[in-house]
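To keep things clear, I will list the structure first and then write my remarks on it.
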Amino acid sequence: MEYVLLQAVFLPLLLSPVAYLLGRKSGPNAATWFTFALLLYCTVIMIAPVFSGTYEEHYPWTKLFGEFGFLLDGLASPFAIIIYVLSTVLALYSKPYMIRKITEQFEEKMHKQKQLIGNGPSTAMIESSSLKGYLNNQIGVYFALYLVFAMGMLGTVLATNLIEFYVFFEVMLIPAFFLIAFYGYGARRRIALLFFFWTHSGAVVLLLGFLAIGLNVGSFDFSDIKEEGIPPNILTFAAVAIIIGLGVKLAAFIYHIWLPYAHAEAPTPISALLSPAMIGIGAYGLFRLLVMLMPGQYEHFSLFLNLWGLATMFYGGAMALMQDDIKRLFAYSSISQMGYLLFGIGSFSALGLSGAEMMYVSHGLGKGLLFMMAGAIILQVGTRSMTKLGGLAGKMPITAVCAMIGALTIMGVPPTSGFMGEWTLFYGALQTAVEEGSTIRMVTFGLGLVSTVITMGYILWMIKRVFFGKLPENLLNTKEASWYITAPMMVLAGFSIVVGIYPDIFFNQIIPFMNGVMGV
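Residue numbering for the sequence shown follows numbering that gives the first Met the number 0, starting at 0 and increasing by one per position.
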């Protein structure tokens, strides 16, 4: 099949107006199943070339920027697969969740208008407003933005050109901004602006690094960029700009301010994409742009990245321990998990890098499950406060089992995928510490293991408070969520177990690739 990656990237963009029209004319069912079928098709055709090795597509673009291409190799394929698997299953999950959310927004809007107008003929006219029409229109907008968001994430990890990378990097911010502003909770417009300004500022810093490289090399194509062809002072500037720009996307410590607000207040299906899929693209950028294109600078900054990752692990974990809002807990947990990725990238070893990439896979599956569990509880119970929950395992058994598998994945407990990611990551970090005889690296390795205890602490504490203990009287009639909610959770839970038992599904691509990158 020709144009596989071109289809996978651009079909969601080109057909997003169809999703809108289907939603507006035919309602949530048509928009949901169209979006699901489209993303499933794109996922299947994209996965097919993975098993045949590196796959590339190149298309003429402009002499100013170079070629426009897509690359699916040992680095890009795990990121791409997780992005589209999550996007596909969350399309189904979105239906009942967004129907409830949009209905609540409609009722709130009608209530405010009645208060402004008061009783009278106008009130009767407002009451006759069609919820169905409002719901259909909003669900169409939601799925159109959803498809563009998924397309932006995939395009970023498949890009073969610095400017192409930047364009997709910015494209995915725009639908995410509107999804939070339109369908979020609390001060959603202010939070959407906070998210956009932080991430856009990081992207601008990233662009400065790209321009410094491209203008000195004479090309923006990855294949043309050689570290030795860039003046040392420009090289250092570009490396620092890339690290800062991607550090904002990763929500690494110091640049994390936006994440707890955006991820906690976004609609839950979008939280389950922002946290497991989108922010990890910052780690992909470090792999592709720093480790591969500037290996000398990577070696120079590796210890800094290792320490920065450690600080992020501890900060995110400590803040997660203090939360009562379940979504906010998962948001801080995501900061901590991005610290693991930074820690692995800074390990300066092929196994450490492999473990970091596998951590993206396991975090995508585990955190996706946990956010989906939070959404199921919001739908069925109506609260996010853990102090108001308890004993739900008996009322929502499928959700409880899937949440436990997600929890084990985040904690790195076998037989889930999280164990394989963490084990490999820490093995690589220890290997470098021993080979270099570095006391600092040995200490960071030990402290990294301590941070896993913090991770276990907040995850187990959350599971206990939500699913065990005494069931509050007001929750006696709680029921399991619909199959639109539980079936996608079961798919991700099964995927995590399968990858935990057969990690070579991903390691067969990742480890040989990282060995080549590190010259092993």
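Built from N, CA and C at the ideal position, the CB exists for glycine as well.
Predicted model, so just to flag it, every value in this text is computed and none were measured.
Rounded to whole angstroms, the gap between the alpha carbons of P174 and G139 is 13 Å. In the structure shown, the three-state DSSP call for S129 is coil. Take the alpha-carbon of K94 and the one of L378: they are about 12 Å apart.
Setting aside the 5 residues that flank it on each side, G351 is surrounded in the same chain by G343, L424, G427, A428, T431, each with a C-beta closer than 7 Å to its C-beta; the list follows chain order. Between the beta-carbon of A263 and that of K326 there is about 5 Å, and that keeps the pair under the 8 Å contact cut. Listed in chain order, the non-local C-beta contacts of P511 below 7 Å within the same chain comprise G73, local neighbours out to five positions each way being set aside. Taking one beta carbon from each stretch, the stretch 138 to 152 and the stretch 187 to 205 have fewer than 3 pairs nearer than 8 Å; the two do not touch. Under a 10 Å Cβ-count criterion, A355 is classified as buried, with 16 or more other Cβ atoms of the shown protein chains found around its own Cβ. Put simply, the stretch 285 to 292 touches the stretch 238 to 255. At least three CB pairs are less than 8 Å apart. Boundaries for E472: no beta strand (DSSP E) harbours it, and the DSSP string shows neither H nor E there. Ranked by Cα distance from F329, the options E435, R440, T443, I458 are led by I458.
For the pair S222 and K478, the Cα-to-Cα distance works out to about 55 Å. Within the same chain, and ignoring the five residues on either side of I81 in sequence, the residues whose Cβ sits closer than 6 Å to its Cβ are V360, G363. Along the stretch 243 to 315, the alpha helix (DSSP H) occurs as fully enclosed runs of 4 or more residues at 257 to 264, 267 to 272, 280 to 284, listed in sequence order. For V452, the closest C-alpha among the options E421, F466, A480 is that of E421. Proximity to M358 across T438, G65, Y165, S335 peaks at S335, based on C-alpha coordinates.
By the C-beta criterion, the stretch 62 to 79 is judged to be in contact with the stretch 210 to 222, since at least 3 inter-stretch pairs fall below 8 Å. A residue is called buried once 16 or more other Cβ atoms fall within 10 Å of its Cβ, and M321, having fewer, is exposed.
Distances from the CA of L144 to each of Y54, A79, G345, T34 were compared; the closest alpha carbon is that of T34. Annotation: L63 is outside any beta strand (DSSP E) and is labelled neither H nor E by DSSP. Three or more beta-carbon pairs separated by less than 8 Å link the stretch 265 to 280 to the stretch 366 to 376, which places the two stretches in contact.
Contact between P11 and M150 holds, with the beta-carbon distance rounding to 4 Å and staying under 8 Å.
Between the alpha carbons of Y182 and P266 lies a distance of about 6 Å. Here A30 carries a helix assignment [DSSP, helix/strand/coil].
L14 carries a coil assignment under DSSP once its states are collapsed to helix, strand and coil. Between A349 and V519, the gap from beta carbon to beta carbon is short of 8 Å.
In this structure, L491 lies away from V43, with their beta-carbon atoms at least 8 Å apart.
Distance check between T61 and each of G52, I162, A79 places I162 closest, using alpha-carbon atoms only.
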